[in-house]
Amino acid sequence: MAKQSNNRLSSPQELEALRESIIKSRDPSQTCIVICGGTGCLALGAQEVITNFQREIEKGGLEKKLALRITGCPGFCERGPLVVIKPENILYQQVKGEDVVEIVSETVKGKIVDRLLYIDPDTGRKITYEHEVPFYKKQKRLLLGDNSNIDPTDIRDYLALGGYAALGKALSNMSPEGIIAEVKKAGLRGRGGGGFPTATKWETCRNAEGDTRYIICNCDEGDPGAFMDRSLMEGNPHSALEGMVIGAYAIGGHQGYIYVRNEYPLAVKNAQIAIEQAEKLGLLGKNILGSRFDFNVKISRGGGAFVCGESTALMASLEGKVGEPRAKYVHTSEKGLWEQPTNLNNVETWANVPLIIKNGADWYGKIGSQGSKGTKIFSLVGKINNTGLIEVPMGVALKDIIYGIGGGIPDGKKFKAVQTGGPSGGCIPENLLNLPVDFDELDKAGSMMGSGGMIIMDENTCMVDIAKYFVNFLEGESCGKCLPCREGLKRMSQILTDITEGRGKEGDIELLERLSATLIDTSLCALGSTAPNPVLTTLRYFRDEYEAHIKDRRCPAGVCKELVTYSIDKEKCPGCGLCVKACPSEAITDMGKKKPVALDQEKCIKCGACYDVCKLGAVIRK
Amino acid sequence: MVKLTINGQKVQAEEGITILEAAQDNNIYIPTLCHHEEVTSYGACRLCLVEVTKNGRERLVASCLYEVAEGLKVTTDSERIATNRKMLMELLLARCPNNKAVQDLAHKLGVEKTSFKLDDNDCMLCALCVRVCQEVVGVSAISLVNRGVDRAIATPYFEASNVCIGCGSCAYVCPVDAIKFEEVGDTRHIYWPNNDMEFKLKKCQKCGRYFAPQVQLDYIIKKAGLAPDAFDNCLDCRD
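From first to last, the protein sequence lines stand for chains A and B.
One rule links them: number in the working numbering = place in the first sequence (from 1) + 896.
One rule links them: number in the working numbering = place in the second sequence (from 1) + 1090.
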């Protein structure tokens, strides 16, 4: 925990003086053990690693030699728990509690624990330094890069890295209009899903009629497999908070809310600590940095519904009402929270703001593609070697993300599709792997940027089954208010279930298309109007799979159990018995040496375990 | 006043009213289900969708919520609208295949059968009952419970409500007759789709007939500050 100054900073100069003193008090050559305390690493056992480090350092009286910092997520979740020794940046991966004694003793001697280094799967060579690991090397980590240098519960770490300098600049040297103009020139677009130009939204809100203006940070990330905003809020809450204060000053708002999922307890906790620490230093509250500008931020914990990430539903929930959307014919920037002009951006958008103000729109405009500026954080999940959180400049090709950073598909399997944009996004096939990833290109491909989820699928994925999964998710999350979304998703789910269970019939595809068109045209909010995307993109790129299910009663990927049968090729089977051991339902019987095994269809649960273990191709899947 | 066109017809409308209201004022038919002039527009059934062109941009909007504006071009019946309305009706018909009111509206919109599997509900979740109970009666005895496909109209926890006054406004306003209302002897029965309640009726001291739930009369007396004996006699027998 930071030692708190009781003195509120009353000018940008005082802020700079404080920053100087923090930097001076620190020895840049001191060895610091950085442990990821993000949700991913904690789930993999980081807490034991942390406790053991604390104990070892105390036991050895090494407090002066070894500093310890628990940080947010640096991104390489696949290899967690992660430990980095600074200032050299030595990366230890998959660290366990029992490794700690050795790390401490070797680090004190200036040595490296060879066995915990990352091995480059391409070259087979060990890589010592974090920045040389291909996963990190190919990224541009403007937002995430600081995560491993920041203890999110200590504002001094953020300040030491130049934190709140953008706020000082904005309050002392820039007019609200000037800030909006700078953000506009930078070309910042909302990272929450729609990609709407941020400055335009701010401008509308600033110019809207109202007694007061509200500023909201949306941290209600609900897409399956997405953890971008979560990791930012957990790991570097001040970056979003600073963005909010700058935005509030530009818009003329004095009250802000961080709406954060209650299922993100660490994000809730770290945001709360950040607010308290910023208030104590006068970076929030009354008369911020002596500028006479007041701005307060409160945390509102989410109501636990996916739809609450939608702006009007979020605002209803914030007001204490049921989190249901309303028609947006009057934008929330004009009439939002409590009918007042309200500006809502998500965590990542807010976190971009200090970067723009600090470095200028020209600098920012050089990063990214023509229509999408800056970087974008993606959570890379599914059938990918390097699961984790990545940040790349907008416009990077999909294949560079999947193969360059993600390390390709595990077990030598073939890539099939990538789902971008969360459940309401779309599936992009292999022949579009050169697609530059930005707002407009993803839209053109029938998918969307969304908030940045990226689910990779391999050849063993059935695309009809995937569409069914996402439609079922959305069916469960539809608030039920409007008829097309509530009834339409239910029917879509029924049709897809029928197709995957062998009851598909001619006309189903056309019915799905007609139904999709109505959902897009008539749904009340974006949940409903984007919900058909998984169906439409899989139909666009994998129509043959739908047809195989319906016409041939066949699932080409071998996923849909009702459409798959396993049998033994008696010519090929030498009776080795591997499949007998692998079968969880005792459906395969050993018939004696060198005799083919027998498979009992009655007992077979079609899990495919026999198919996976047989190296001789003696298990036939049809 | 603003000037707009609806189906090519020049129309003047008061600022702040909706397209639906402007159309109704000019005898232009737009189908609705969840709309009622006494309560706040809700925009849930989507049947009242119309096409608007503003600043050269064309979009489908719910006419019960979209306000009129100067120069707005509105089309209430295009092929796109008709296709969508038919699909919406198919969805509704699949939800309430045995409901007479739904069948009639489907027929009116040219939908005789649905492409989907048939359920058997009467309630189509337009929430008119909920809105009337809240906005007109002012007691909020019933509400929408659960989410999405499990959404339902009910009193809290499906139990007898201690704020319901048994007025029956919910049954009265229901456009598809999904809330039933019955009086036998001294008891009024209200049957919502998922639960029901009984109310004792007050007997007129003059003519002896049972005329209204005691709790409703108590509520009115309290709300309007009337004398405790204000409803001793039924409406017909009052002086």
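Ideal Cβ positions, reconstructed from N, Cα and C, are used throughout, including at glycine.
On the DSSP bridge list, what partners appear for residue i?
i, result
"Ser1233(B)", "Ala1244(B)"
"His1279(B)", "Glu1272(B), Glu1288(B)"
"Arg1449(A)", "Bridge partners of Arg1449(A): none, in fact."
"Leu1150(B)", "Glu1141(B)"
"Phe1274(A)", "Ile1286(A)"
"Leu965(A)", "Looking at the sequence itself, residue 965(A) is Arg, so the reference to Leu does not match. Arg965(A) pairs with Val930(A)."
"Tyr1014(A)", "Ile1023(A)"
"Asp1354(A)", "Phe1311(A)"
"Asn1239(A)", "Ile1111(A)"
"Pro878(A)", "The first residue shown for chain A is 897 and the last is 1518, placing residue 878(A) beyond what the model contains."
"Gly847(A)", "Nothing in the structure corresponds to residue 847(A), since chain A is present only between 897 and 1518."
"Arg1517(A)", "Tyr1462(A)"
"Gln1151(A)", "Tyr1110(A), Asn1192(A)"
Which of helix, strand or coil does DSSP assign to residue i?
i, result
"Gln931(A)", "First, the residue type needs correcting, since residue 931(A) is Ile and not Gln in the sequence shown. It is a strand residue."
"Ile1263(A)", "coil"
"Val1047(A)", "Note on residue identity: the sequence assigns Asp, not Val, to residue 1047(A). Note: Asp1047(A) maps to coil in three-state DSSP."
"Thr1166(B)", "coil"
"Leu1316(B)", "coil"
"Ile1484(A)", "strand"
"Asn1116(B)", "coil"
"Lys899(A)", "Residue confidence is low: Lys899(A) scores 44 on pLDDT, short of 50, so the model does not pin down where it sits. Its coordinate-derived value is still stated next. Looking at Lys899(A) - three-state DSSP - the assignment turns out to be coil, as it is neither helix nor strand."
"Gln1099(B)", "strand"
"Ala1174(A)", "helix"
"Leu1040(A)", "coil"
"Pro983(A)", "coil"
"Pro1332(A)", "strand"
"Arg1410(A)", "helix"
"Phe1369(A)", "helix"
"Gln989(A)", "coil"
"Arg904(A)", "coil"
"Thr1228(A)", "coil"
"Glu1337(A)", "helix"
"Pro1325(A)", "strand"
"Ala1066(A)", "helix"
"Arg1197(A)", "strand"
"Thr1122(B)", "coil"
I believe residue i touches residue j by the beta-carbon criterion, under 8 Å. Please report the beta-carbon distance rounded to the nearest angstrom.
i, j, result
"Ser1419(A)", "Cys1378(A)", "6 Å"
"Glu1130(A)", "Leu1162(A)", "5 Å"
"Thr1461(A)", "Lys1499(A)", "With a Cβ gap of about 13 Å, Thr1461(A) and Lys1499(A) do not count as contacting."
"Leu1178(B)", "Thr1414(A)", "7 Å"
"Cys1264(B)", "Cys1219(B)", "6 Å"
"Asn1045(A)", "Asp1125(A)", "Not confirmed; about 20 Å, so no contact."
"Gly976(A)", "Gly936(A)", "5 Å"
"Gly1349(A)", "Gly1121(A)", "5 Å"
"Asp1465(A)", "Ala1505(A)", "That pair is no contact at about 17 Å."
"Val1222(B)", "Cys1260(B)", "6 Å"
"Ala1159(B)", "Val1092(B)", "6 Å"
Query raised in the report: Using 8 Å as the threshold, is the region 1107 to 1117 of chain B in touch with the region 1205 to 1217 of chain B, meaning 3 or more CB pairs across them?
Result: no
Report task. Spell out a yes or no on whether the region 1277 to 1293 of chain A and the region 1068 to 1083 of chain A are touching, meaning 3 or more CB-CB pairs, one atom from each, closer than 8 Å. Result -> The answer is no - the region 1068 to 1083 of chain A does not touch the region 1277 to 1293 of chain A, with fewer than three Cβ pairs under 8 Å.
Query raised in the report: Which residues, in chain order, does the region 1404 to 1429 of chain A contribute to contact with chain B at a C-beta distance below 7 Å?
Result: Leu1407, Arg1410, Leu1411, Thr1414, Asp1417, Thr1418, Leu1420
Query raised in the report: If contact means a Cβ-Cβ distance below 9 Å, which residues of the region 1217 to 1246 of chain A contact chain B?
Result: Val1218, Glu1220, Arg1222, Ala1223, Tyr1225, Val1226
Report task. Give a yes or no on contact between the region 1225 to 1240 of chain B and the region 1143 to 1157 of chain B, applying the rule of three or more CB pairs nearer than 8 Å. Result -> no
Requested in this report: Please determine if the region 1106 to 1118 of chain A and the region 1232 to 1242 of chain A are in contact, where contact requires at least 3 C-beta pairs separated by less than 8 Å.
Outcome: yes
Requested in this report: Answer yes if the region 1436 to 1456 of chain A comes into contact with the region 1482 to 1494 of chain A, meaning at least three C-beta pairs across the two stretches below 8 Å, and no otherwise.
Outcome: Segments in contact, no.
Query raised in the report: Looking at chain B, which residues of the region 1037 to 1066 of chain A have a Cβ within less than 8 Å of any of its Cβ atoms?
Result: From the region 1037 to 1066 of chain A, no residue has a Cβ closer than 8 Å to chain B.
Requested in this report: Spell out a yes or no on whether the region 1284 to 1300 of chain A and the region 1328 to 1335 of chain A are touching, meaning 3 or more CB-CB pairs, one atom from each, closer than 8 Å.
Outcome: yes
Query raised in the report: How about the region 1348 to 1357 of chain A and the region 1308 to 1319 of chain A: do they share at least three Cβ pairs that are nearer than 8 Å?
Result: yes
Query raised in the report: Does the region 1317 to 1330 of chain A come close enough to the region 1052 to 1071 of chain A that 3 or more CB-CB pairs lie under 8 Å?
Result: no
Report task. Report yes or no: do three or more beta-carbon pairs, one from the region 1183 to 1197 of chain B and one from the region 1245 to 1262 of chain B, lie closer than 8 Å? Result -> No, they do not touch.
Query raised in the report: Does the region 1445 to 1460 of chain A come close enough to the region 1393 to 1407 of chain A to have 3 or more Cβ pairs within less than 8 Å?
Result: Flag = yes, the region 1445 to 1460 of chain A and the region 1393 to 1407 of chain A touch.
Query - Residues of the region 1191 to 1215 of chain B with Cβ closer than 8 Å to any Cβ of chain A, in chain order - result: Ser1205, Phe1206, Lys1207, Met1214, Leu1215
Query raised in the report: Taking contact to mean at least 3 C-beta pairs separated by less than 8 Å, is the region 944 to 956 of chain A in contact with the region 911 to 925 of chain A?
Result: no
Report task. Evaluate the contact criterion for the region 1150 to 1158 of chain A versus the region 1194 to 1206 of chain A: three or more CB pairs, one atom per stretch, below 8 Å. Result -> yes
Query raised in the report: Counting pairs of Cβ atoms below 8 Å between the region 1265 to 1277 of chain B and the region 1419 to 1428 of chain A, do you hit three or more?
Result: no
Query raised in the report: If we count Cβ pairs, one from each stretch, closer than 8 Å, do we get three or more for the region 1001 to 1009 of chain A versus the region 1027 to 1042 of chain A?
Result: Here the region 1001 to 1009 of chain A does not lie against the region 1027 to 1042 of chain A, with fewer than 3 beta-carbon pairs under 8 Å apart.
Report task. Could you name the residues of the region 1362 to 1381 of chain A whose beta carbon sits closer than 8 Å to any beta carbon of chain B, in the order they occur along the chain? Result -> Glu1371, Gly1372, Glu1373, Ser1374, Cys1375, Gly1376, Lys1377, Cys1378, Leu1379, Pro1380
Requested in this report: Can you give me, in chain order, the residues of the region 1166 to 1188 of chain B that have a beta carbon less than 8 Å from any beta carbon in chain A?
Outcome: Arg1170, Thr1173, Asn1174, Met1177, Leu1178, Leu1181, Leu1182, Ala1184, Arg1185
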